[in-house]
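Numbering (full-length UniProt numbering), first residue to last: 1 to 220. Even for Gly, the Cβ is constructed at its ideal location relative to N, Cα and C. One structure is given here, and the rest of the page talks about it.
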């Protein structure tokens, strides 16, 4: 409690770990909240949670409550899963895919990720997972970063087409992207152009300084 109160004055780092995928990971009390950060950006329970929460509100909480299955690519500390379970009261199945086992260890130890019902966490590469899974999903959340870098495969046709195949009709993709410069904005514009009239695509710029969100609904 003392650390939490002091964190309103200045951040208090309570744990630090090295990771092959994320380099340096820190668990910190910041403004009364426990957050997970990489070296240069927030991974969970800070600005990132605000970004994804806005995206979920764009889709609609009541609509999400009626979904049966959700896929989360990029779990990190599990803040979007917390929002789905505690705020939205989603009771269907959530499958979370995270490549970094150190991140999941921190998520379980500090953020209670292992305490939720109907949540399955898979340690795997997101690209490999979507190739293997035979499930279909009503909502696919893509939130994959290595510090401030986004893997190129997220924007390539093969991955996009596979994600579209895994999405049920009337389901949604929520894609969080980072736009640091002109090339990133151009990349996002090209990504948007890859969806035909079977999809309704909306782009929400400047959600948190450098974040742009896509919501993509599969119409047929």
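Cβ neighbour criterion (16 or more within 10 Å) applied to residue i
{"i": "residue 112", "result": "exposed"}
{"i": "residue 200", "result": "exposed"}
{"i": "residue 79", "result": "buried"}
Selection from the options that minimises the alpha carbon distance to residue i
{"i": "residue 160", "options": "107, 193, 64", "result": "193"}
{"i": "residue 60", "options": "98, 90, 79, 187", "result": "90"}
{"i": "residue 57", "options": "131, 32, 29, 87", "result": "87"}
{"i": "residue 65", "options": "93, 210, 19, 75", "result": "93"}
{"i": "residue 218", "options": "135, 166, 84", "result": "166"}
Reduced DSSP secondary structure (H/G/I, E/B, other) of residue i
{"i": "residue 23", "result": "strand"}
{"i": "residue 122", "result": "strand"}
{"i": "residue 137", "result": "strand"}
{"i": "residue 239", "result": "Any answer about residue 239 is impossible in this case: the structure gives the chain only from 1 up to 220."}
{"i": "residue 12", "result": "strand"}
{"i": "residue 74", "result": "coil"}
{"i": "residue 160", "result": "helix"}
{"i": "residue 115", "result": "helix"}
Beta strand (DSSP E) segment containing residue i, residue limits
{"i": "residue 218", "result": "211 to 218"}
{"i": "residue 200", "result": "199 to 204"}
Paired residues, beta bridge with residue i - DSSP
{"i": "residue 176", "result": "213"}
{"i": "residue 34", "result": "29"}
{"i": "residue 98", "result": "123"}
{"i": "residue 17", "result": "25"}
{"i": "residue 142", "result": "73, 175"}
Limits of the unbroken alpha helix (DSSP H) element including residue i
{"i": "residue 79", "result": "79 to 82"}
{"i": "residue 184", "result": "182 to 192"}
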